């Protein structure tokens, strides 16, 4: 276990993982185009929620999600999907429905898988969502982390980017988690559209840097660490793809040096050759050592959405079950690879499949 990464025992906690984030409904036209579809597959998803879902559904851990939903038919559909995954819904805030959506609603995510040279792309409709209107003081974090007990808390830049209010909620939550000895993981996920009109990348950077001192496990891709965390790093290979391992080592090492609270820093590595074939890997820094699995070259992709979230959940599972840094990055990469063979935002794998894939490389 990395030095300083102390995980509370399951015997004194209600949940192994609590995630804070928006849960959206995903409408999936498969390999077709959103503009031409007549039939969609519906599932739930969200950058932070996906981690809790995978820890419960794939890895058998006790998980809950802190979010807000409207008390209407779409909100209850989202709840039903969450319940089917086994994630605890007792920490959901329910908002009265106004019947038409201007006051509060469920965010919608229309995602095309892409094919060949046509890249995957999404069309997000999340304005006025219930989660985006969450404010500090609405959730009793001291009760959740203190009386109930949580071993691992996960949130990220997507939730923090929904509004000024959600950025304040994320900061409030990580501070409370730190007070009660809960491990905090944070995914630097950046969505440019969320920050338009709110200061862009510079505003996201300020939020991330305010949260970073309370984070134990920092996750992101190389651009997230550089631009969204504001690290001043001279890259060994400027202009290289995000699959460049030496650049990855430079950014995770710099993150740990800049923020002493960070015990683990991990970056995913990806080169999207086509929509159907990606190079895929990761690096993990812990205790001054960088760990890496054998990268997957020409990984065949069915649906690339959620690969980074699956990586985060595989990493968390390894640490929650007492495995070390090498196992964490191995499980993260293996689970991310398996997730990208599955429809929707999450994998259809179980823990044995992930561990077998990690062992096989």
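In the UniProt record's numbering, the protein residues as written are 1 to 361. Where a beta carbon is used, it is the ideal one built from N, C-alpha and C, also for glycine. Keep in mind that this is a model prediction, so the values were computed, not measured.
Between the options, which has its C-alpha nearest residue i's C-alpha?
i	options	result
residue 302	277, 48, 260	277
residue 269	260, 296, 286	296
residue 266	222, 156, 294, 231	222
residue 32	115, 165, 99, 183	115
residue 216	279, 234, 316	316
residue 279	286, 271, 285	271
residue 12	149, 77, 176	149
residue 72	285, 338, 93	93
residue 311	45, 54, 27	54
residue 123	134, 111, 133, 38	111
residue 1	355, 318, 28	318
residue 102	229, 127, 37	127
residue 133	70, 250, 233, 60	70
residue 232	251, 246, 244, 241	251
With DSSP as the reference, please indicate the residues paired to residue i in a beta bridge.
i	result
residue 115	118
residue 124	109
residue 291	284
residue 278	272, 299
residue 154	19, 185
residue 70	95
residue 218	186, 265
residue 65	19
residue 129	105
What is the DSSP secondary structure of residue i, counted as helix, strand or coil?
i	result
residue 49	helix
residue 189	coil
residue 338	helix
residue 44	strand
residue 28	strand
residue 253	helix
residue 36	helix
residue 6	coil
residue 194	helix
residue 225	helix
residue 100	coil
residue 323	coil
In the DSSP assignment, the alpha helix (DSSP H) including residue i goes from what residue to what residue?
i	result
residue 244	No alpha helix (DSSP H) contains residue 244, which DSSP labels as neither H nor E.
residue 74	73-85
residue 307	307-320
residue 171	164-179
residue 138	Premise fails: residue 138 is in no alpha helix (DSSP H) and is neither H nor E.
residue 358	351-360
Please check the pair residue i and residue j, which I expect to be a contact at CB under 8 Å, by giving their CB distance rounded to whole angstroms.
i	j	result
residue 104	residue 97	7 Å
residue 95	residue 66	Not confirmed; about 14 Å, so no contact.
residue 156	residue 47	6 Å
residue 78	residue 23	5 Å
residue 448	residue 283	Residue 448 cannot be examined here, being either before or after the span of the chain that is shown, 1 to 361.
residue 174	residue 184	5 Å
residue 207	residue 160	5 Å
Taking residue i as part of the beta strand (DSSP E), name the residues at either end of that continuous run.
i	result
residue 89	Unbroken run through residue 89: none, as it is neither H nor E.
residue 211	Run containing residue 211: none in the beta strand (DSSP E); it sits in the alpha helix (DSSP H), 200-211.
Are the C-beta of residue i and some C-beta of chain D separated by less than 7 Å?
i	result
residue 146	The question asks about chain D, but that chain is absent: this structure has only one protein chain.
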